[in-house]
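J.:
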Amino acid sequence: MSHALRAAGSAPPFLSAAHTPVSMLADRLRETGLVTLEGLATRTAVLRFAERIMEITPHQDSDPDGLTNIYDTRRHAQQTGYAGLTSSELAAHTERSGVPQPPRLMLLVCAHPAAQGGECLLTDGQAIHTDLAARQPEALELLSTPRSAFFGGGEGHSGRVFTPHADRVALRLRTDALARWSPFLTPHVPHLLAAIDRHQITLPLALGQGYLLDNTRWLHARHAFTGDRLCWRALGEPRAPLLPLPLGFSLAPATPRPPSPEAVS
Ligand SMILES: [Fe+2]
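Residue numbers (my numbering): 5 to 269.
#1: Does the region 169-176 come close enough to the region 188-196 that 3 or more CB-CB pairs lie under 8 Å?
#2: In the structure shown, what three-state DSSP assignment does S264 receive?
#3: Would the C-beta of E42 count as close to ligand 1, meaning under 7 Å from any of its heavy atoms?
#4: So, at 6 Å on beta carbons, what are the nonlocal neighbours of V268 in its own chain, with the 5 sequence-adjacent residues on each side left out?
#5: Mind checking T40: buried by the 16 CB within 10 Å criterion, or exposed?
#6: To the nearest angstrom, report how far apart L115 and D69 are at their CA atoms.
#7: Could you pull out every residue in the same chain whose Cβ sits closer than 6 Å to the Cβ of L9, ignoring the five residues on either side in sequence?
#8: How would you call E99, buried or exposed, if buried means at least 16 neighbouring beta carbons within 10 angstroms?
#9: Looking only at its chain, what residues have a beta carbon closer than 6 Å to the beta carbon of L89, apart from the 5 residues adjacent to it on each side?
#10: Measure the C-alpha to C-alpha separation of A181 and R56 and round it to an integer number of angstroms.
#11: How about E93: is its Cβ closer than 7 Å to a heavy atom in ligand 1?
#12: Of the residues L251, Q213, D218, A96, which one's Cα is nearest the Cα of A22?
#13: Starting from the C-beta of N219, find all residues in its chain whose C-beta is less than 7 Å away, skip the five residues before and the five after it, and write them out in chain order.
#14: Using the Cβ count rule (16 or more neighbours within 10 Å means buried), how would you classify A11?
#15: Extract the residue ranges of the beta strand (DSSP E) inside the region 177-242, only unbroken runs of 3 or more that lie entirely within it.
#16: Pick out the complete beta strand (DSSP E) segments inside the region 67-128, 3 residues or longer, and give them in chain order.
#17: For a test of the three-state rule: what should DSSP assign to T144, helix, strand or coil?
#18: Between which two residues does the alpha helix (DSSP H) carrying T48 extend?
#19: I'd like to confirm something about H227: is its beta-carbon nearer than 7 Å to some heavy atom of ligand 1, or not?
#20: What is the DSSP secondary structure of E35, reduced to helix, strand or coil?
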């Protein structure tokens, strides 16, 4: 099976947040954009770890320490854009896709697992891009067209899903009621969603386990859940030990398009 058409991979092994050198975390982030972590069983441990690697960006829902409790508040069920604070399924998205510069890093740690469900779902933008280049090049072109998408309410952000930066590509996406598409792109959105599904990694988290991702490369999502699931989240910009951290992902080596049925016969 080619790289482009591979099945969804598995999550990388958990690294100890306390004992893994930051240089190794930086290497992993640069190479894959994702690090899975364990040993963060208290809010203080999460905060200390976050402060070592990022300048935490306060958020409208965060506490004074900068961390946000992600749980079912039972107050946000009917509010557009607040699915994260319910027990509902959460579709794959970029954190804060509607602001000009979404936070570069997102750290999410499990403080209390759900009774059922609630698994984290992660998708690598590089895998989506490579997949679409092979299967749906027209969709990829439209997803890379300036001003083909609008994310967020109010002022929001007019842009595109895949934005080239020199020899790299940055990803930005949401697909809920706060996403709008150009008429040309609309018929191709299902191809994007199918590619996301094909490459989604399921990551169940136990207490103290979490992930750190590059928000310009990976999409995150979540299964619906029951019970008192609680996660701590930090958003922010990478500190010196993680730099340089090039934006997005590099283009995978060119993959030839699969031959059409006509060409095969
Ligand atoms: Fe999110």
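Ideal Cβ positions, reconstructed from N, Cα and C, are used throughout, including at glycine.
T.: Looking at the atomic coordinates:
#1: no
#2: Annotation note: pLDDT 47 at S264 (below 50); position unreliable, coordinate value reported separately. Looking at S264 - three-state DSSP - the assignment turns out to be coil, as it is neither helix nor strand.
#3: no
#4: Only weak support exists for where V268 lies, its pLDDT of 42 falling under 50; the coordinates are left without a value.
#5: Label assigned to T40: buried.
#6: According to the sequence provided, residue 115 is Ala. The question's Leu does not apply to it. Distance between the alpha carbons of A115 and D69 is about 16 Å.
#7: Low confidence applies here, because L9 scores a pLDDT of 41, under 50, leaving its location unreliable and the question unanswered by this model.
#8: Flag for E99 reads buried.
#9: T77, H80
#10: 36 Å
#11: Not so, every heavy atom of ligand 1 lies at least 7 Å from the Cβ.
#12: Q213
#13: T98, E99, P106, P107, R108, L109, M110
#14: Residue placement at A11 cannot be trusted, given a pLDDT of 48 that sits under 50; what the coordinates show is reported in the next sentence. Label assigned to A11: exposed.
#15: Taking only runs of at least 3 residues, the beta strand (DSSP E) segments lying wholly in the region 177-242 are 183-185, 205-207, 214-218, 222-226, 234-242.
#16: 72-75, 94-97, 109-116, 124-128
#17: Sequence inspection shows Leu at residue 144; the Thr mentioned does not correspond to that position. Note: L144 maps to helix in three-state DSSP.
#18: 47-57
#19: In this structure, H227 has its CB at a distance of at least 7 Å from all heavy atoms of ligand 1.
#20: helix
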